[in-house]
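Visitor: In this note's numbering, the protein residues as written are 23 to 305. All C-beta atoms, glycine included, are put in the ideal place defined by N, C-alpha and C. Bear in mind that the values here come from a model prediction, so they are computed numbers and not experimental data.
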Ligand SMILES: Cc1cc2nc3c(=O)[nH]c(=O)nc-3n(C[C@H](O)[C@H](O)[C@H](O)COP(=O)(O)OP(=O)(O)OC[C@H]3O[C@@H](n4cnc5c(N)ncnc54)[C@H](O)[C@@H]3O)c2cc1C
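And the structure:
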């Protein structure tokens with residue numbers, strides 16, 4: 023079993039720009055859209071779970087997105103030129119992207135960033151996802167299912183209408199525990215009880231999360247009691263270039279007592295949970 027690397031060093035190299043055709047594009051629920059692209063060159067075999075692409079969203083009459091927008095790979099393959107994204111329609115870029123008809127063109131740059139630490143030798147993984155974190159971790163679910171590694175998925179959402187369990191598992195079997203804001207089961211207190219119980223009973227080899235800073239901080243505390251379990255988070259920091267140049271996405275990390283700023287786009291987006299320094303809350 024490989025140990026989680028210090029401060030996001032699972033680097034993956036090949037980056038290129040691709041002209042893609044939108045081949046499928048539809049609403050999954052009221053807030054999320056699924057898009058499948060066909061690139062002009064093979065992308066699936068060089069794309070890993072946890073990595074992301076920078077998407078060139080179109081200019082419309084209403085929206086003029088300037089920067090490319092980072093999106094985690096939701097799926098890649100089985101065809102070599104196929105890549106998929108699941109995205110929350112939230113602001114200028116994603117609203118413009120949501121208007122793209124099937125058959126239109128879209129440029130993407132990637133794959134960017136590093137990947138999760140994962141071994142087919144693991145017995146079980148525990149995945150804790152909320153919101154867009156679900157899109158980021160879906161390829162990890164696929165890798166685990168392919169390797170017959172048992173999966174426990176704790177899915178947190180506002181309500182059952184936002185859960186997207188089918189989109190997350192994509193046919194994989196998992197021990198799913200759904201928690202909701204609507205009934206209080208997603209509160210930090212309730213989640214701490216649930217996570218400690220799952221870890222005690224199931225002893226996962228690795229724990230992964232994405233999509234919630236509060237859950238990340240909770241996991242950091244809980245995993246403090248289980249030093250043998252690998253813990254990783256895919257971080258969603260606001261970023262501009264996505265390639266390590268502009269430094270707009272730096273975050274503070276503590277690597278064995280050595281505090282340093284690292285670029286989420288370049289050294290991440292996957293980092294050991296234990297090394298993230300929590301955000302300071304002002305006011
Ligand atoms: C590595 C990475 C992977 C991501 N993967 C996905 C994904 O798979 N699916 C998905 O829906 N979103 C994902 N995001 C977030 C996505 O990039 C932003 O939601 C998107 O850029 C918003 O663009 P916009 O122009 O529509 O919104 P804007 O008008 O720029 O912002 C609208 C809202 O989104 C928030 N936002 C903007 N950028 C980010 C960001 N980088 N992270 C978190 N919140 C942000 C803003 O605070 C604001 O509330 C990812 C972000 C990163 C850094």
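Could you tell me the boundaries of the beta strand (DSSP E) in which residue 294 lies?
Guide: Residue numbering aside, residue 294 sits at position 272 when the chain shown is read from its first letter. Under the DSSP assignment, residue 294 falls in the beta strand (DSSP E) whose first and last residues are 292-294.
Visitor: To the nearest angstrom, report how far apart residue 129 and residue 288 are at their CA atoms.
Guide: Numbered from 1 along the chain shown, position 107 holds the residue referred to as residue 129. Numbered from 1 along the chain shown, position 266 holds the residue referred to as residue 288. Computed Cα separation, rounded: 20 Å.
Visitor: What residue range is occupied by the uninterrupted beta strand (DSSP E) comprising residue 132?
Guide: If you number the chain shown from 1, residue 132 lands on position 110. 127-134 is the extent of the beta strand (DSSP E) around residue 132.
Visitor: What did DSSP end up calling residue 47 once you bin it into helix, strand or coil?
Guide: For the purposes of this step, residue 47 is taken as residue 25 along the chain shown, with counting starting at 1. It is a strand residue.
Visitor: Would you check whether ligand 1 has a heavy atom nearer than 7 Å to the C-beta of residue 94?
Guide: Looking up residue 94 in the chain shown gives position 72. Yes; taking the cut-off as 7 Å, the Cβ of residue 94 has a heavy atom of ligand 1 nearer than that.
Visitor: State the DSSP-derived secondary structure class of residue 284, mapped to helix, strand or coil.
Guide: Looking up residue 284 in the chain shown gives position 262. Reduced to three states, the DSSP call for residue 284 is strand.
Visitor: Please state if the CB of residue 151 and the CB of residue 177 are separated by a distance shorter than 8 Å.
Guide: As a working note, residue 177 is residue 155 in the chain shown. As a working note, residue 151 is residue 129 in the chain shown. A contact, by the Cβ cut-off of 8 Å.
Visitor: Would you kindly report the start and end of the unbroken alpha helix (DSSP H) that includes residue 114?
Guide: Here residue 114 refers to the residue found at position 92 when the chain shown is read from its first residue. That run of the alpha helix (DSSP H) goes 114-119.
Visitor: Taking 7 Å as the cut-off, is the CB of residue 230 close to at least one heavy atom of ligand 1?
Guide: Translated into positions along the chain shown, residue 230 becomes position 208. Residue 230 Cβ: outside cutoff for every heavy atom of ligand 1.
Visitor: Out of curiosity, what's the CA-to-CA distance linking residue 244 and residue 237?
Guide: Walking along the chain shown from the start, residue 244 turns up at place 222. Walking along the chain shown from the start, residue 237 turns up at place 215. Cα-Cα distance, rounded: 10 Å.
Visitor: May I ask you to report which of helix, strand or coil DSSP gives residue 250?
Guide: Along the chain shown, read from residue 1 onward, the residue named residue 250 stands at position 228. Here residue 250 sits in coil by DSSP.
Visitor: Anyone know if the C-beta pair for residue 171 and residue 145 falls short of 8 Å?
Guide: Translated into positions along the chain shown, residue 171 becomes position 149. Translated into positions along the chain shown, residue 145 becomes position 123. Yes. Within cutoff.
Visitor: Less than 7 Å between the CB of residue 115 and some heavy atom of ligand 1, yes or no?
Guide: In the chain shown, counting from the first residue as 1, residue 115 sits at position 93. Checking every heavy atom of ligand 1 against the Cβ of residue 115, one is found closer than 7 Å.
Visitor: If I measure Cβ to Cβ from residue 248 and keep anything under 7 Å in the same chain, skipping five residues before and after, which residues do I get?
Guide: Position 226 of the chain shown holds residue 248. Counting only Cβ-Cβ distances below 7 Å, and skipping sequence neighbours, we find 221.
Visitor: Tell me, please, whether the segment 262-272 touches the segment 226-234 by the rule of three or more beta-carbon pairs shorter than 8 Å.
Guide: No, the segment 262-272 does not touch the segment 226-234.
Visitor: Alpha carbon to alpha carbon, how far is residue 92 from residue 77?
Guide: Your numbering for residue 92 matches position 70 in the chain shown. Your numbering for residue 77 matches position 55 in the chain shown. Rounded to whole angstroms, residue 92 to residue 77 spans 6 Å at the Cα level.
Visitor: Do the segment 109-125 and the segment 69-76 touch if we need at least three Cβ pairs shorter than 8 Å?
Guide: no
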